[in-house]
Each structure stands twice: as structure tokens, then as C-alpha cells.
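**Student:** Numbering (the numbering used here), first residue to last: 9 to 487.
Encoded structure:
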């Protein structure tokens, strides 16, 4: 009797196993047809991996390195959570060097930055209150900025000349500021509003002009005419040129990178302090200078914790935060806030996860460089292995969710996978640079099973987002 039961169980197991195998083979074959029809065979890579077994269920050029674009942030974010810790906070310190008499600081003010990408005008207003609490209403000297926590070039490798003035290519220094709650550090926002027909429009900058020179060459035109406003920072200068026409009833807004975040932050700070009534002599200036030993620390500002910042970083694919985190990891681990030291830390973290780092090549942490390479199979392997990390839930929660309209939930996927049948099934990181479109993350199929996937395209002459989404939909329907 026992032998018969064993035989039945064995036969049943073989039948089920054979069915699963045939279904898997059929699904892979069908998926391959979709991949080929939507994306072709060359300059693409696809990997689909089981979370249960860890095995690759389907791949197309899975072991060929491709440009990851912003899917590289998956590794950067995971490394930062592990190396810095979820409760890590950036610090910005205020020092004074001199004597205070009759509410006058006979000396200089120092601000020492350590990379806080969230530093903003509200913090500057707090600094003004701190100074006044310390009995300071006038400063006779200068305002100095200490940005020695970071070293090397302000621009990350691979930034093209034509991208240098745009927010996604912002320069990185240890003393920087953000104009908004998205923490687009190293940028300022320029708003243009019409006045009267024939006159120059009104220009407003956030947090303020910050030492940038704005040339308003634009003109207000009658309602109904075309808005042709163009706002750009002239290459390698602090000059912002505004040209074109703005019709009555319209507006224009542009994020422009700061020419030198440290100096521009100092200008913005000084303008804000002066706006609260703090006085400076006409000879007062702003400069870089390391905090001297004679200076007295009077205040330390702390940013929001990394676990909170992670949401903005990943969902909105913030390049500035990525670059800052890389340098910060280098500073924290090796005492040198150089990008190369930070990349070394990320590489070592990848090795600790069991990744095959010989299949990774990167010169930044944001994915902006066209020299970055990683294989699709390694991306899905990262997504598999990172699930065992103590901070995985934070990382997972920071990923964009397909079809969720709130930009701090859906992020860069809020306008994709919007149908009821697809909503919430795709939790993944998008990537896009010139000619490159990528998507990597987790997908839950109609079967209820969840997989890791990576779809990578490069050298494309047209947008491939819709085609990538068709491949993901195929996975949802068939697996």
C-alpha cells in the first residue's frame, strides 16, 4: 500500500513538474516573440528572474553590458542605506570668528557644508535667528564657505557641454542648496511673468538671485501669441540669459544649474540674512575659506534622515542627491569626499552582496554617464539579493509604483501602467539618457507571483518607453 501511495505521489509530482516546465518554456517563447517584435534583437537586453528560485526564467542578451541610465541608482541607493545608515543626517555648521560688542560681530561668519542637498532658504532664516540669539545684528567682516568635505571636480564625469546648464547635470559641492522640496540641489528656479505688452517681463528667482547675473532680453506680447521664452545659463559662466516672447496670461519656469554652488549658496545666504535686518558693510564679500581653529561653533543644522530623503531621491530620480551620496560615502569610509573614493565604496558594497562586479562599470552614481555598463542579469541579481538587506523595505518603498498618480508615490512611473489591471503591479526604477531607455525592478504577474526584471535599450533613435511597457505587460499576463 505504501509503495502504491509513493508511486502515485511520484507520478503526480512528475506531471506537475512537466506542466510547469512546459508552461515556463511556452511563456518564455511567447515573451521572446514580444521582445523581438517590440524591441528587436540588437542594442537591447532583457532579464526576468524568479524570486523563489533565483533562476533566470528568460533573457535576451542577458550577459552583455548595457548603459543602465538611472537604473544604476538602485545600487547607489542600496549602498548608501547600508554604508551611511537609514538614520544618517547631513550637517551644516555655523561658526563665528571675532568678538561681539554692542550687537556687532567684529569678524567673520563661516558656514561649513557637508553635502546637505536639502539646505534651503528656510534654513538660512533659521541661521539669522541663531545669529540674533547670539546678540549679532551686524557683521563687519565677510561670509566664508568651507566646502572642503568634498574634493575633485564639481561636475560628474560624462556630463556633455549641452547638458551642463540643465538641472539634471547640476554641479556638486559640499556647500550647496536647494530651491524646492524636490531637493534639486545646485540649481535655482527662474520664473517669468508678463507685464505690459511691449515691456520686459517680470523675473523672479528662487531662493533669490544667489549671485547669478540674469539678463532679461525677453518681451511681453499680447494674449494668444506663442510663448517662446528660453531660459538658459551661458556655458561656464554665472550668466542666465532670458530671451523670447511671453504672452499676457501665461508664464514660464525653468530650473537652471548654479555656476558654483558654494559661492552661489553664500550669496543666497547673505541676501537672506540682509532681508531679516542683519547688516553688512559695503566692503563685505563672500569667499571660500576653511574654518580656522580660532572660530567658534554656534549652531549645527541637521537634514532630514536618509530614510526620508530616499523617497525623493529614487522616485524622482534626483541626480544631485546621487552624486552627493557617492562623495559622502567616500568621505565617511575613506576620509576623502572624492567621487572615486565613493565609487570604490559602492563597488565594495556590491561585492558584499555577492554581485559579479566585473560585470559592472560605472563612473558616477546617478547613471548620467554613457560610459556606465551593467548586464541585465546583474541588475535582476541585485534586485534579488538586496531583499536580504536590513534596509530593503526602505529601498523598496522608495521605488516608483506604476499607475499611482501622486508624484511622491508613483514617481517616474505615475503615467505608466495606469489601467486598473496594471496599477501597483510594477515597482521599478526608470532610466533615460540620450538614446537610452531602461526599466528595472519588480513585477507581480496575474498569477500572483512576483519577479525581478530588467529591460535595457541603447543607441535608439526614438523613445522606447511604450515598447518596454508592452514587454512588461506580457510578463504580467503570461507569468
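Note that beta-carbon positions come from the ideal geometry of N, C-alpha and C, so glycine has one too.
Could you tell me the alpha carbon to alpha carbon distance between residue 154 and residue 245, rounded to whole angstroms?
**Tutor:** Taking the chain shown and counting its residues from 1, one reaches residue 154 at position 146. Taking the chain shown and counting its residues from 1, one reaches residue 245 at position 237. Their backbone Cα atoms lie some 22 Å apart in a straight line.
**Student:** Any idea what DSSP makes of residue 26, helix, strand or coil?
**Tutor:** Here residue 26 corresponds to residue number 18 of the chain shown, with the count starting at 1. Model confidence at residue 26 stands at a pLDDT of 47, short of 50, so the residue's coordinates are unreliable; what they give is reported in the following sentence. Residue 26: helix per DSSP, three-state reduction.
**Student:** Per DSSP, residue 425 forms a beta bridge with which residues?
**Tutor:** On the chain shown, position 417 is the one that residue 425 refers to. BP columns for residue 425 are empty, so no partner.
**Student:** Are residue 487 and residue 326 closer than 8 Å when you measure CB to CB?
**Tutor:** Working through the chain shown from its first residue, we reach residue 487 at position 479. Working through the chain shown from its first residue, we reach residue 326 at position 318. Taking 8 Å as the Cβ cut-off, residue 487 and residue 326 do not qualify as a contacting pair.
**Student:** From residue 381 to residue 242, what distance separates their C-alpha atoms?
**Tutor:** In the chain shown, the residue the question calls residue 381 occupies position 373. In the chain shown, the residue the question calls residue 242 occupies position 234. Between residue 381 and residue 242, the C-alpha separation is close to 31 Å.
**Student:** For residue 246, name the three-state secondary structure that DSSP assigns.
**Tutor:** Residue numbering aside, residue 246 sits at position 238 when the chain shown is read from its first letter. Coil at residue 246, not helix or strand.
**Student:** Enumerate, from N- to C-terminal direction, the unbroken alpha helix (DSSP H) stretches of 4 or more residues contained entirely within the stretch 304–331.
**Tutor:** Counting only runs of 4 or more, we get 314–323.
**Student:** In three-state terms, what does DSSP make of residue 483?
**Tutor:** By 1-based counting over the chain shown, the position of residue 483 is 475. Looking at residue 483 - three-state DSSP - the assignment turns out to be helix.
**Student:** Do residue 456 and residue 391 have their C-beta atoms within less than 8 Å of each other?
**Tutor:** To locate residue 456, count along the chain shown from 1; it is residue 448. To locate residue 391, count along the chain shown from 1; it is residue 383. Contact: no.
**Student:** Which two residues bound the contiguous alpha helix (DSSP H) that contains residue 90?
**Tutor:** Mapped onto the chain shown, residue 90 falls at position 82. Per DSSP, residue 90 belongs to the alpha helix (DSSP H) from 81–91.
**Student:** Which word fits residue 272, buried or exposed, when buried means at least 16 other C-beta atoms lie within 10 angstroms of its C-beta?
**Tutor:** Translated into positions along the chain shown, residue 272 becomes position 264. When all chains shown are included, residue 272 counts as buried.
**Student:** Whole beta strand (DSSP E) runs in the stretch 387–465 with 3 or more residues, listed along the chain?
**Tutor:** The qualifying runs are 434–441, 444–452, 458–465.
**Student:** With residue 148 and residue 300 assumed to form a contact (beta carbons below 8 Å), what rounded beta-carbon distance in angstroms separates them?
**Tutor:** Working through the chain shown from its first residue, we reach residue 148 at position 140. Working through the chain shown from its first residue, we reach residue 300 at position 292. Going by Cβ atoms, the distance from residue 148 to residue 300 rounds to 17 Å, so no, they are not a contact pair.
**Student:** Let me check one thing: in DSSP terms, what residues is residue 56 bridge-paired to?
**Tutor:** For the purposes of this step, residue 56 is taken as the residue at position 48 of the chain shown. According to DSSP, which records beta bridges pairwise, residue 56 is partnered with 66, 461.
**Student:** Between the stretch 273–281 and the stretch 352–364, do three or more beta carbon pairs fall short of 8 Å?
**Tutor:** Judged by Cβ distances under 8 Å, the stretch 273–281 makes no contact with the stretch 352–364, as fewer than three pairs qualify.
**Student:** If I measure Cβ to Cβ from residue 30 and keep anything under 6 Å in the same chain, skipping five residues before and after, which residues do I get?
**Tutor:** Counting from 1 along the chain shown, the entry for residue 30 is found at position 22. Below a pLDDT of 50, predicted positions are generally treated as unreliable, and residue 30, at 46, falls in that range; no measurement from the model is reported.
**Student:** Please list the segments of the beta strand (DSSP E) lying wholly inside the stretch 116–162, counting only runs of 3 or more residues, in order along the chain.
**Tutor:** Counting whole runs of 3 or more residues, the stretch 116–162 contains the beta strand (DSSP E) stretches 151–154.
**Student:** Ordered along the chain, which non-local residues of its own chain (more than five positions away) have a Cβ less than 8 Å from that of residue 108?
**Tutor:** Residue numbering aside, residue 108 sits at position 100 when the chain shown is read from its first letter. Here the set comprises 114, 142, 143, 144.
**Student:** So, do the stretch 345–355 and the stretch 369–388 have three or more beta carbon pairs nearer to each other than 8 Å?
**Tutor:** The stretch 345–355, when compared against the stretch 369–388, does touch it at the 8 Å Cβ threshold.
**Student:** Hey, would you say residue 196 sits closer than 8 Å to residue 214, going by beta carbons?
**Tutor:** Here residue 196 is taken as the residue at index 188 of the chain shown, counted from 1. Here residue 214 is taken as the residue at index 206 of the chain shown, counted from 1. Cβ atoms of residue 196 and residue 214: closer than 8 Å.
**Student:** Assuming residue 478 and residue 100 form a contact by the criterion Cβ under 8 Å, report the distance between their Cβ atoms to the nearest whole angstrom.
**Tutor:** Stepping through the chain shown from its first residue, residue 478 is reached at position 470. Stepping through the chain shown from its first residue, residue 100 is reached at position 92. With 8 Å as the limit, residue 478 and residue 100 do not qualify as a contact, their Cβ atoms being about 47 Å apart.
**Student:** Does residue 77 pass the burial test, meaning 16 or more other C-beta atoms within 10 Å, or should it be called exposed?
**Tutor:** Within the chain shown, residue 77 is the residue found at index 69, counting from 1. Classification for residue 77: buried.
**Student:** Do you know offhand how far residue 339's Cα is from residue 157's?
**Tutor:** Position 331 of the chain shown, counted from the start, is the residue given in the question as residue 339. Position 149 of the chain shown, counted from the start, is the residue given in the question as residue 157. When rounded, the distance between both Cα atoms is 7 Å.
**Student:** Enumerate in chain order the residues of its own chain whose CB-to-CB distance from residue 89 is below 8 Å, with the five nearest sequence positions on each side excluded.
**Tutor:** Position 81 of the chain shown, counted from the start, is the residue given in the question as residue 89. The residues are 314, 315, 318, 397, 399, 402, 403.
**Student:** Where does residue 305 land, buried or exposed, given buried means 16+ other C-beta within 10 angstroms?
**Tutor:** Taking the first residue of the chain shown as position 1, residue 305 is located at position 297. Flag for residue 305 reads exposed.
**Student:** I need the straight-line Cα distance from residue 74 to residue 410, nearest angstrom please.
**Tutor:** Taking the chain shown and counting its residues from 1, the one referred to as residue 74 is at position 66. Taking the chain shown and counting its residues from 1, the one referred to as residue 410 is at position 402. Using only the alpha carbons, I get a separation of about 24 Å.
**Student:** With 16 other CB atoms within 10 Å as the buried threshold, where does residue 179 fall?
**Tutor:** The sequence position of residue 179 within the chain shown is 171, counting from 1. Looking at its Cβ environment, which holds 16 or more other Cβ atoms inside 10 Å, residue 179 is buried.
**Student:** Would DSSP call residue 255 helix, strand or coil?
**Tutor:** By 1-based counting over the chain shown, the position of residue 255 is 247. Three-state result, residue 255: strand.
**Student:** With distances taken Cα to Cα, identify the nearest neighbour of residue 355 among 72, 46, 33, 82.
**Tutor:** Residue 355 sits at position 347 when you count from the first residue of the chain shown. Ranking 72, 46, 33, 82 by Cα distance to residue 355 puts 82 first.
**Student:** Per DSSP, what kind of secondary structure is residue 287 in: helix, strand or coil?
**Tutor:** One-based indexing of the chain shown puts residue 287 at position 279. Three-state DSSP puts residue 287 in a strand.
**Student:** Can you look up residue 339 in the DSSP assignment and give me helix, strand or coil?
**Tutor:** Sequence index remark: in the chain shown, residue 339 carries index 331 (1-based). In the structure shown, residue 339 sits in a helix (DSSP, three-state: H, G or I).
**Student:** By DSSP, does residue 108 sit in helix, in strand, or in coil?
**Tutor:** Your numbering for residue 108 matches position 100 in the chain shown. Residue 108: strand per DSSP, three-state reduction.
**Student:** Are the beta-carbon atoms belonging to residue 51 and residue 485 less than 8 Å from one another?
**Tutor:** By one-based count along the chain shown, residue 51 stands at place 43. By one-based count along the chain shown, residue 485 stands at place 477. Not closer than 8 Å, so no.
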